[in-house]
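J.:
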Amino acid sequence: MGHFIHHAIERIRQHRMLATTAFLLVFPFLMPYETLAINILIFGLYAVGFNLLFGYTGMLSFGHAAFLGVGSYLTGIAVVHAGWPWWAAIVVGVMSSCVAGVVIGYLAIRTRGIYFSMVTLALAQIVYFGFYKAERWTGGENGLRGVKVDVISLLGFRIDFLNPLSKYYVILVFVLLALWLVSRLLNSPFGAVIESIRENEKRAAACGYNVAQSKLLVFVLSAGICGLAGALRALHLSIVPIDSLHYLQSGQAVMMCLLGGMGTFLGPFVGAAVFLYLEDVVTNVTRYWMGVVGLVFMIFVLFFPKGVWGTTLDWIARWQRKYAGKEGL
Amino acid sequence: MADLTLQLLALQLMTGIALGALYALLAIGLSLIFGMLTVVNFAHGAFFMVGAFFGVYAMGLTGSFWFSLVLVPLATGALGLVCERFLVRPLYGRGIDYPLLLTFGLSYVLIELMRIVFGIEGLPSSTPPELRGSVNLGFGFFPLYRLFLIAATAIIVLALWLFIEKTRFGLIIRAGSRDPEIVKVLGIDIAKVWLMVFGIGTAIAGLSGLLAAPTRAVNPEMGIPILAESFVVTVVGGMGSLPGAVVAGLLVGIVFSMTSLFAPEYAEMSIFVLMAVVLLIRPQGLFGKAGLMS
C-alpha cells in the first residue's frame with residue numbers, strides 16, 4: 315500500500331498539470347453550488363498570477379487589484395461601449411493589463427523590499443481614482459453594468475453562458491491554459507532566474523542575468539494573468555464593480571497566496587478555495603467576516619507561514635523520505 | 076480681481092499646510108517604526124482610525140477635548156505595545172515581509188473591532204467648542220481649528236525632535252536604528268527599546284486620528300485611504316527621515332489643496348502623480364539615503 319502511494323505521489327508530481335486538470339474537471343460537483351466553483355477558478359487564477367511575483371520572485375506587491383480591475387473594466391468597456399465579441403474583449407482586457415503592468419512595473423521595480431509594497435499600493439490608488447472619476451466609461455461608483463454575454467459561440471458551437479455549469483467549463487479552458495503557461499514558465503530557465511532573484515538579487519546579477527529586465531518581465535506576466543482573471547470575472551458577473559480596483563482587493567491576493575502557500579505552484583489556488591469557501595461559511599454565521607479572515611490570516615503568518623498547501627506538501631515529503639529510508643529506496 | 080485670487084491662493088496654501096501637518100505627523104509615526112524596527116506598519120491607518128474613534132468617544136464621555144488629547148495617545152500607544160509584544164515580536168528575524176503581512180491582518184481585525192463596538196456607520200464628530208470659528212490672518216478668515224492643527228503638529232514634531240536628539244533614550248533610538256547589534260553588545264535591552272518605539276509610533280498615529288476627527292468623517296474605513304497617502308508621503312520624503320517626513324508631508328498637503336483649487340477632479344490623483352515623479356527622479360525620496368531601500 316505504502317509503495318503504491320509513494321509511486322502515485324511521484325507520478326502526480328511529474329504530471330501536475332494533468333492532475334490539476336482532472337481535479338478541476340470534477341471540482342464543481344464537490345462544491346455546494348457552481349457559482350462558488352467559478353469564483354474559486356477566477357480568484358485562484360488571480361492568486362496564481364500574484365504568486366508569480368510574490369512567491370517566486372519575492373516581490374510583495376500591494377497593488378495587484380489594479381491589474382484585476384483593468385482587465386475587468388477594459389473587457390467590460392469593449393463589450394458595453396464598443397460592442398465587441400466576447401473573445402476580442404478578453405484579448406483587450408488582458409492586453410490592457412499588460413500595458414498597465416509595464417507602466418506600474420517600470421516605476422515600481424526602481425524600488426526594493428518594503429518600498430516596493432508601498433509604491434505598488436500607491437500606484438494602484440491612481441488607477442482606482444482614475445477609473446472612479448471616468449464615470450462616462452466606467453459607471454463610477456455604481457460600476458460598469460451590462461457586460462452581457464449570454465451565448466459563447468465559437469467555430470459553429472454555441473454554449474449557453476447563462477447555465478452555471480457550462481459557464482464553469484468555458485472559464486476552466488482559459489484558466490487551464492494560463493496555469494499551463496505558468497507551469498511551463500516555472501520549469502523553464504527563466505523560472506530558475508526569477509527564483510534566484512528571490513534568493514539573492516546581487517548574486518543573480520553577478521551571474522550575468524539582467525535583474526531589472528527579468529523583474530519587469532515577470533511583473534508584466536503576473537499583471538497579464540491577473541488581467542485574464544479580471545476579464546473572466548467581468549464576463550461571469552456581467553458587471554464590473556468598482557471594488558475590483560480597491561486596496562482590499564489587492565490585499566485579498568496577498569491573503570489567498572499566503573493562506574494557500576506562497577512559492578508553490580498550486581498553493582495560491584488552494585488558498586483562494588479556502589478563502590472563498592471560508593467566506594461562504596462564515597458569512598452565513600456572522601457579519602464579521604473581515605475580522606475573522608484577519609484573525610485567520612494573522613494565525614497563518616505567525617504559525618503556518620507555508621500555508622495550507624505548503625504545509626501539506628511538507629508532510630507528504632517527510633512521509634516519503636521516511637518511507638524511502640525504510641524501504642532502502 | 077487679481078487681489079482676490081491671491082487671497083484665495085494664500086488661504087488654500089494654509090489649508091494645504093494644515094492637511095500637510097496631518098500627513099507629516101502620520102509619516103513621522105510610520106518612519107519612526109520603520110527606522111528602528113525595519114517594520115512597515117500596515118496597520119498605521121487602522122491605528123489612526125482607532126485614535127479617531129477613541130477621541131470622539133472620550134470627548135463625548137468627558138466633555139473635554141484637552142483631556143482626550145492626553146488620553147487617546149496613551150490608549151492607542153498601549154494597544155500598540157500589546158500588538159508589538161505578542162504579535163510582531165515573534166516575527167523578528169523571519170524576513171522583512173512577515174511583520175508587514177501581520178500588521179496587514181491586524182488592520183482587518185482593528186477595523187472589524189471598531190465596527191462591532193461603534194457600528195458600521197461610524198460616529199458623528201464635531202470641532203471642540205473652544206476651537207470653533209475663524210481667525211483673520213490679514214489675507215482672509217481661516218478656521219481656528221486648522222490653525223490649531225498646524226500649531227499642535229509643530230509642537231509635537233519639536234517635542235519629538237528634542238526627545239530623539241537630546242535625551243538618553245533618544246540616543247539609544249538613534250544608535251539602535253543605525254546598528255542594533257552593537258547596541259545589544261553594549262548591554263542595552265534592544266527589545267524593550269523596540270517595544271517603546273512601536274508604542275510611540277502608534278500613539279502618534281492615534282493622536283493624528285484624534286486631531287483629524289473633526290475635519291473628516293469618522294468611520295471604520297477611514298484609515299484605508301490615509302494609509303496609502305502616508306505611504307506617498309514616506310516615499311516622497313524618504314523612509315526613516317524625520318525632516319523628510321515633515322517636508323514631504325507639507326509638500327503633499329499643498330499639492331493636494333492646490334489641485335483641488337484648480338482641478339478638483341484630479342485632487343486625489345495628484346499626490347500619487349507627485350510620488351511617481353519623485354520615483355523617476357530620485358527613487359530613494361527627497362531626504363532618503365540610497366542604501367536604505369534594499
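Residue numbers (the working numbering), protein chains in the order written: chain Y, 315 to 643; chain L, 76 to 369.
All C-beta atoms in this analysis are idealised placements derived from N, C-alpha and C, irrespective of residue type, glycine included.
Would you kindly work out how many angstroms separate the C-alpha atoms of L/V258 and L/R160, rounded to a whole number?
T.: Straight-line Cα distance between these residues: approximately 20 angstroms.
J.: Roughly how many whole angstroms lie between the Cα atoms of L/L354 and L/F217?
T.: Rounded to whole angstroms, L/L354 to L/F217 spans 34 angstroms at the Cα level.
J.: Please list the partners that L/G180 has in chain Y, where partner means a Cβ-to-Cβ separation under 7 angstroms.
T.: Residues of chain Y passing the Cβ test: G608, F611, M612 and V615.
J.: With a threshold of 8 angstroms between beta carbons, is L/F306 in contact with chain Y?
T.: At least one chain Y Cβ lies under 8 angstroms of L/F306.
J.: Can you tell which of Y/D464, Y/H317 and Y/P503 has its C-alpha closest to the C-alpha of Y/P478?
T.: When each option's Cα is compared against that of Y/P478, the closest is Y/D464.
J.: With three or more beta-carbon pairs closer than 8 angstroms as the criterion, would you say the region 564-576 of chain Y touches the region 608-622 of chain Y?
T.: The region 564-576 of chain Y vs the region 608-622 of chain Y: in contact.
J.: How should Y/G390 be labelled, buried or exposed, when 16 other C-beta atoms within 10 angstroms of its C-beta is the threshold for buried?
T.: Looking at its Cβ environment, which holds 16 or more other Cβ atoms inside 10 Å, Y/G390 is buried.
J.: With a threshold of 16 other CB atoms inside 10 Å of the CB of Y/V340, please say whether the residue is buried or exposed.
T.: Y/V340 comes out exposed.
J.: Please state the DSSP three-state secondary structure of Y/I473.
T.: Residue state, collapsed to three classes: strand.
J.: Apart from the five residues on each side of it in sequence, which residues of its chain come closer than 7 angstroms, Cβ to Cβ, to Y/I508?
T.: Cβ within range, chain order: Y370, T371, S528 and V532.
J.: Tell me the residue span of the alpha helix (DSSP H) that contains Y/F430.
T.: Counting along the chain, the alpha helix (DSSP H) containing Y/F430 begins and ends at G427 to K447.
J.: Following the continuous alpha helix (DSSP H) through Y/I485, name the residue where it begins and the one where it ends.
T.: Taken as a continuous stretch (DSSP letters only), the alpha helix (DSSP H) holding Y/I485 covers P478 to N501.
J.: Just to confirm the assignment, what range does the beta strand (DSSP E) spanning L/P218 have?
T.: From DSSP, the beta strand (DSSP E) with L/P218 extends over F216 to P218.
J.: From the beta carbon of L/S369, is the nearest beta carbon of chain Y less than 8 angstroms away?
T.: Legend: pLDDT at L/S369 = 40, less than 50; position of this residue unreliable, value from coordinates given subsequently. For L/S369, the answer is yes, since a Cβ of chain Y falls inside 8 angstroms of its Cβ.
J.: Check each candidate in L/P300, L/L156 and L/M297 and name the one with the smallest Cα separation from L/I275.
T.: Among L/P300, L/L156 and L/M297, the Cα nearest to that of L/I275 is on L/L156.
J.: Note the first and the last residue of the continuous beta strand (DSSP E) segment covering L/I301.
T.: Element bounds for L/I301: not the beta strand (DSSP E) but the alpha helix (DSSP H), G298 to G312.
J.: Excluding the 5 residues flanking Y/I690 on each side, which residues of the same chain have their C-beta closer than 6 angstroms to its C-beta?
T.: Shown here, chain Y extends from 315 to 643; a query on residue 690 of chain Y therefore has no answer.
J.: Check the Cβ of Y/P503 against every Cβ in chain L and list those closer than 7 angstroms, keeping chain order.
T.: Correct list: empty, because the minimum Cβ distance to chain L is about 25 angstroms.
J.: When the distance is taken between beta carbons, is L/S106 closer than 8 angstroms to L/S283?
T.: Taking 8 angstroms as the Cβ cut-off, L/S283 and L/S106 do not qualify as a contacting pair.
J.: From this set, Y/A414, Y/R498 and Y/Y387, which residue's C-alpha is nearest Y/I404's C-alpha?
T.: If we check each option's Cα against that of Y/I404, Y/Y387 comes out closest.
J.: Report, in whole angstroms, the separation of the C-beta atoms of L/I346 and L/F362, which I expect to be a contact under 8 angstroms.
T.: So it is not a contact: roughly 17 angstroms between Cβ atoms.
J.: Please compile the residues from chain L whose C-beta is within a distance smaller than 8 angstroms of the C-beta of Y/W440.
T.: The identity of residue 440 of chain Y in the sequence shown is Ile, whereas the question assumes Trp. Chain L residues near Y/I440: M344, F347, V348 and A351.
J.: By DSSP, does L/L224 sit in helix, in strand, or in coil?
T.: Looking at L/L224 - three-state DSSP - the assignment turns out to be helix.
J.: Between L/E187 and chain Y, is any beta-carbon pair separated by less than 8 angstroms?
T.: Closer than 8 angstroms to some Cβ of chain Y, the Cβ of L/E187 qualifies, so yes.
J.: Which stretch, first to last residue, makes up the beta strand (DSSP E) that contains Y/C344?
T.: Just to set this straight, residue 344 of chain Y is Leu in the shown sequence, not Cys. First-last for Y/L344: undefined, no H or E at that position.
J.: Check whether the Cβ of Y/L382 lies closer than 8 angstroms to any Cβ atom in chain L.
T.: Not an interface residue.
J.: Go to L/S209, then tell me how far its beta strand (DSSP E) extends in each direction, as first and last residue.
T.: Segment S209 to N211, the beta strand (DSSP E) holding L/S209.
J.: Check each candidate in Y/L374, Y/M315 and Y/F357 and name the one with the smallest Cα separation from Y/Y591.
T.: Nearest of Y/L374, Y/M315 and Y/F357 to Y/Y591, Cα basis: Y/F357.
J.: Quick one: which chain L residues come within Cβ less than 7 angstroms of Y/M570?
T.: What Y/M570 touches in chain L: nothing, since even the nearest Cβ is about 13 angstroms away.
J.: For the alpha helix (DSSP H) containing Y/V532, list its first residue and its last residue.
T.: Y/V532 -> alpha helix (DSSP H) spans V525 to L551.
J.: So, is the C-beta of L/Y173 closer than 8 angstroms to a C-beta in chain Y?
T.: Yes, L/Y173 lies at the interface with chain Y (some Cβ there is under 8 angstroms from its Cβ).
J.: Can you give me the C-alpha to C-alpha distance between L/L97 and Y/G415, rounded to a whole angstrom?
T.: Straight-line Cα distance between these residues: approximately 32 angstroms.
J.: Alpha helix (DSSP H) containing L/W265: first to last residue?
T.: This sequence places Ile at residue 265 of chain L; Trp is not what is there. I265 to A287 is the extent of the alpha helix (DSSP H) around L/I265.
J.: If Y/R450 and Y/I553 are in contact, beta carbons under 8 angstroms, what's the gap, nearest whole angstrom?
T.: The Cβ separation is near 17 angstroms, so there is no contact.
J.: Output yes or no for whether 8 angstroms exceeds the beta carbon distance between Y/V568 and L/L206.
T.: Not in contact: Y/V568 and L/L206 (Cβ atoms no closer than 8 angstroms).
J.: Whole angstroms are fine: how far does the CA of Y/K447 sit from the CA of Y/G433?
T.: The residue asked about is misnamed: residue 433 of chain Y is Val in this sequence, not Gly. Spanning the two alpha carbons is a distance of roughly 21 angstroms.
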